[in-house]
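K.L.:
Got a structure for you, questions after.
Chains as they are written, first to last, in our numbering: chain A, 5 to 115; chain B, 744 to 854.
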């Protein structure tokens, strides 16, 4: 049963537009993540939040910015998308860095 | 940065056979190792994790960890067509809220 909810599931947009992805977890976890998954299924961590504090900020382009209102929500905004941003963005949560629970992903296609 | 490599890239086995997947990591101080299963259009789902050297068995799954050789393997006994998915190896580091993923093994179980 899904307990990490992502919206939208799918989004097509043009180069230069702004996009936002939302994520909510109902597991009571203290840490949330955004991962980017490319076409070859490789998962790369982008951001991690622990109790609303950013604790990992991998080297991602500055047009990406995470936003967290509380420990159950972690959104991702992309300003001025580029073609290489086309990917599946996966939100996950965990308790103290243990097993990750993923949402179903948000697929972004930039045309 | 933890480097996680998986082999083979793809694996095709007949129904009822044993499926064997491999993963190597770059740092013996890595904390725990997980195996995740990902079906098309879904987020990864944790299958089994291991922390100590040796093996761990859960149902049809057995995982072997050898920290000295930086190697972990997953074996699926009596493979079923429903086991067809991408399998991801993930490694975490001590005192670090980062979890690094390998690039996956595509398993196909033929009826």
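Every residue, glycine too, gets a C-beta built ideally from N, C-alpha and C.
1) Taking residue 20 (chain A) as the query, report the chain B residues whose CB atoms sit under 7 Å from its CB, ordered along the chain.
2) Counting only Cβ pairs nearer than 9 Å, list the residues of chain A close to residue 771 (chain B).
3) Mind pulling the chain A residues with CB within less than 7 Å of residue 785 (chain B)?
4) Taking beta-carbon pairs under 7 Å, can you tell me which members of the stretch 71-104 of chain A lie near chain B?
5) Any contact of the stretch 15-30 of chain A with the stretch 806-818 of chain B, i.e. 3+ C-beta pairs under 8 Å?
6) Taking only beta-carbon positions, decide if residue 789 (chain B) is within less than 7 Å of chain A.
7) Just to confirm, is the Cβ distance from residue 67 (chain A) to residue 90 (chain A) under 7 Å?
8) Would you please state the rounded distance, in angstroms, between the beta carbons of residue 112 (chain A) and residue 47 (chain A)? I believe it to be under 8 Å.
9) What in chain B is Cβ-close to residue 113 (chain A), meaning under 9 Å?
10) What are the start and end residues of the beta strand (DSSP E) that includes residue 45 (chain A)?
11) If we ignore side chains and look at the alpha-carbon of each, how far apart do residue 819 (chain B) and residue 39 (chain A) end up?
12) For chain B, find out if any of its Cβ atoms is closer than 7 Å to the Cβ of residue 47 (chain A); answer yes or no.
13) Of all the options B:825, B:844, B:828, which has the alpha carbon lying nearest to the alpha carbon of residue 834 (chain B)?
14) Given a threshold of 16 other Cβ atoms within 10 Å of its Cβ, counted over all protein chains shown, does residue 51 (chain A) qualify as buried or as exposed?
15) Using CA atoms only, rank isn't needed, just tell me which of B:778, B:799, B:795 is closest to residue 789 (chain B).
16) Run down chain B in chain order and give the residues with a C-beta less than 7 Å from the C-beta of residue 44 (chain A).
P.N.:
Reading off the structure:
1) Within 7 Å Cβ-Cβ: nothing; residue 20 (chain A) doesn't reach chain B, min ~28 Å.
2) Within chain A, no residue comes near residue 771 (chain B); the closest Cβ sits about 19 Å away, beyond 9 Å.
3) Those are 108, listed as they occur along chain A.
4) Within the stretch 71-104 of chain A, those residues whose Cβ lies closer than 7 Å to any Cβ of chain B are, in chain order, 94, 101, 103, 104.
5) Fewer than three beta-carbon pairs drawn from the stretch 15-30 of chain A and the stretch 806-818 of chain B are found closer than 8 Å, and the two stretches are therefore not classed as touching.
6) Taking 7 Å as the threshold, the shortest C-beta distance from residue 789 (chain B) to chain A falls below it.
7) Not closer than 7 Å, so no.
8) Between residue 47 (chain A) and residue 112 (chain A) the Cβ distance is about 15 Å, and since that is not below 8 Å, they are no contact.
9) Neighbours of residue 113 (chain A) in chain B, taken as residues whose beta carbon is under 9 Å from its own, are absent, since the nearest beta carbon is some 14 Å off.
10) Residue 45 (chain A): not part of any beta strand (DSSP E); DSSP gives it neither H nor E.
11) Between residue 819 (chain B) and residue 39 (chain A), the alpha-carbon positions lie close to 27 Å from each other.
12) Residue 47 (chain A) counts as touching chain B.
13) Cα-wise, what sits closest to residue 834 (chain B) is B:844.
14) So residue 51 (chain A) ends up on the buried side.
15) Closest option to residue 789 (chain B), Cα to Cα, is B:778.
16) The answer, in chain order, is 846.
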